[in-house]
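See below for the structure under consideration.
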Amino acid sequence: MKVLVTGASGYLGGNLCRALLRQGYSVRAFVRPTSDVSLLGPASATHGRDGEGSLELVYGDVNDLPSLLVACSGCQVIFHVAALVEPWLPDPSRFFSVNVGGLKNVLQAFRETKTVEKIIYTSSFFALGPTDGYIADEKQTHPEKSFCTEYEKSKAMADKVALQAASDGLPIIVLYPGVIYGSGKLTAGNVVAKLLIERFNGRLPGYIGSGQDKFSFSHVEDVIDGHIAALKKGRPGERYLLTGENASFVHVFNVSSFITELKQKALVSHPFVAGGDIWMDISSLLSNYRKASSDQSSVYVLRHQWAYSCEKAKVELGYNPRSLKEGLGEVLPWLKSLGLIKY
Ligand SMILES: NC(=O)c1ccc[n+]([C@@H]2O[C@H](COP(=O)([O-])OP(=O)(O)OC[C@H]3O[C@@H](n4cnc5c(N)ncnc54)[C@H](OP(=O)(O)O)[C@@H]3O)[C@@H](O)[C@H]2O)c1
Numbered sequence: 011m012k013v014l015v016t017g018a019s020g021y022l023g024g025n026l027c028r029a030l031l032r033q034g035y036s037v038r039a040f041v042r043p044t045s046d047v048s049l050l051g052p053a054s055a056t057h058g059r060d061g062e063g064s065l066e067l068v069y070g071d072v073n074d075l076p077s078l079l080v081a082c083s084g085c086q087v088i089f090h091v092a093a094l095v096e097p098w099l100p101d102p103s104r105f106f107s108v109n110v111g112g113l114k115n116v117l118q119a120f121r122e123t124k125t126v127e128k129i130i131y132t133s134s135f136f137a138l139g140p141t142d143g144y145i146a147d148e149k150q151t152h153p154e155k156s157f158c159t160e161y162e163k164s165k166a167m168a169d170k171v172a173l174q175a176a177s178d179g180l181p182i183i184v185l186y187p188g189v190i191y192g193s194g195k196l197t198a199g200n201v202v203a204k205l206l207i208e209r210f211n212g213r214l215p216g217y218i219g220s221g222q223d224k225f226s227f228s229h230v231e232d233v234i235d236g237h238i239a240a241l242k243k244g245r246p247g248e249r250y251l252l253t254g255e256n257a258s259f260v261h262v263f264n265v266s267s268f269i270t271e272l273k274q275k276a277l278v279s280h281p282f283v284a285g286g287d288i289w290m291d292i293s294s295l296l297s298n299y300r301k302a303s304s305d306q307s308s309v310y311v312l313r314h315q316w317a318y319s320c321e322k323a324k325v326e327l328g329y330n331p332r333s334l335k336e337g338l339g340e341v342l343p344w345l346k347s348l349g350l351i352k353y
């Protein structure tokens, strides 16, 4: 079976490609000419050894429909993973052109390509909106009263496009991961790894808010399993939350200290503590303006709770998310092996 993966050069898409290849799929990886594809491994026209699938790179942009048409040709499945995943951009319209316009182009490419049978679209918990004081499931749609970030708004708008496509009868399955963590490329999407690196290197003295924030943490391998299970067992038109343990970022740091038996300075809670920006790509302190804007988005995000139930995916897809303790027990040695943290 030939599958197209958009966003193949990213954190989630790269992990997905590698898993699909291990399972014998022929993977066509949709990347941009500027994408760093070093973690994808060499492309191969034929099947690899030991039942490994083949990898083919195709170049394009989700904003460029003709490139998507070429990429989709001959594929049975599209995993649409690509998105702009950033806390803030100087030109917010890019979130909408890539995250909403890109999905519309993928759907158009599906309509014009006769071979594709299923579209698996990677949405986000942000598309469902906050869950202050309760745990949400797939019945929730974004209330659209306010948005903490333009990224959140773009994913919520894309969700409407996806749900409309589903009600028009397109065989689309919409997946909603929580905060994804685990080994893989250190992009802005790999926020937990980036924060752990900051914390373990003494550059994260505090956090914004009370520490009572709630996020749903999804290990990347579980999210990948959920994507492949959606391909095999997912019902077209359905939504599945691929979330995990609902906990605060402070809990993530506490569990990490426990695992590594490292005594770390207590985190300071303050709404304006510098460096406590959960949603900031910390390495990208390019300018004070960018940092200030990014920090502000984080404050808005941390004013809410984002807790979800993945019961439906457990029952229908066999999704089986690991605990944070187990997941972090894998992430920390991985970061140590890369020399990014010491303990
Ligand atoms: N990370 C999380 O915690 C999280 C949580 C929930 C949902 N998600 C969703 O999961 C998906 C993947 O996120 P991620 O964390 O893997 O992000 P990522 O590492 O930033 O990867 C994004 C991918 O999208 C590609 N892309 C961006 N703009 C594009 C364009 N115009 N045309 C074609 N490709 C483009 C990027 O290509 P380049 O390499 O060329 O930049 C990259 O391959 C996204 O849909 C995101 O919304 C992520």
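In terms of the numbering used here, the sequence shown is residues 11 to 353. Heads up, the beta-carbon is just placed ideally off N, CA and C, and yes, glycines get one too.
| query | result |
| --- | --- |
| Other residues of its chain near residue 199: CB distance less than 6 Å, five sequence neighbours each side excluded | 21 and 95 |
| Pick from 312, 233 and 236 that is closest to residue 356, judged by C-alpha positions | Not covered by the structure: residue 356. The range shown for the chain is 11 to 353. |
| DSSP state of residue 117 mapped onto helix, strand, coil | helix |
| For residue 77 and residue 247, the rounded distance between their alpha carbons | 26 Å |
| Residue 272, DSSP secondary structure in three states | coil |
| Alpha carbon of residue 289 to alpha carbon of residue 97, nearest angstrom | Because the pLDDT at residue 289 is just 43, under 50, the model does not fix this residue reliably, and the point stays unresolved. |
| The stretch 246-263 / the stretch 144-153 touching (three or more Cβ pairs under 8 Å) | yes |
| Reference residue 353; option with closest CA among 196, 138, 320 and 268 | 268 |
| Span separating the alpha-carbon of residue 254 from that of residue 332 | 7 Å |
| Proximity below 7 Å, CB of residue 240 to CB of residue 130 | yes |
| Cβ shell of residue 342 (< 8 Å), same chain only, five flanking positions each side left out | 206, 266, 269, 270, 351 and 353 |
| DSSP three-state assignment for residue 345, whether helix, strand or coil | helix |
| Cα-Cα separation between residue 345 and residue 264, rounded to whole angstroms | 17 Å |
| Near ligand 1: residue 73 beta-carbon under 6 Å from a heavy atom | yes |
| For residue 319, the nearest candidate out of 235, 225, 259 and 340 (CA to CA) | 225 |
| Of the residues 176, 133 and 193, the one placed nearest residue 164, counting alpha carbons only | 133 |
| Under the three-state DSSP convention, the category residue 152 falls into | coil |
| Alpha-carbon to alpha-carbon, residue 187 and residue 236 | 9 Å |
| Continuous alpha helix (DSSP H) assignments of at least 4 residues falling wholly in the stretch 87-114 | none |
| Near ligand 1: residue 159 beta-carbon under 6 Å from a heavy atom | no |
| Of the listed residues 181, 48, 231 and 54, nearest to residue 36 (C-alpha basis) | 54 |
| Any non-hydrogen atom of ligand 1 within 6 Å of residue 69 CB | no |
| Cβ-Cβ separation, residue 105 to residue 161 (assumed contact under 8 Å), whole Å | 6 Å |
| Residue(s) in a DSSP beta bridge with residue 38 | 14 and 66 |
| Range covered by the alpha helix (DSSP H) that runs through residue 21 | 21-32 |
| Heavy atom of ligand 1 within 6 Å of residue 92 beta-carbon | yes |
| Anticipated Cβ contact below 8 Å, residue 88 with residue 138, distance rounded | Their Cβ separation, rounded to whole angstroms, is 22 Å, which puts residue 88 and residue 138 out of contact at 8 Å. |
| Selection from 211, 242, 192 and 202 that minimises the alpha carbon distance to residue 233 | 192 |
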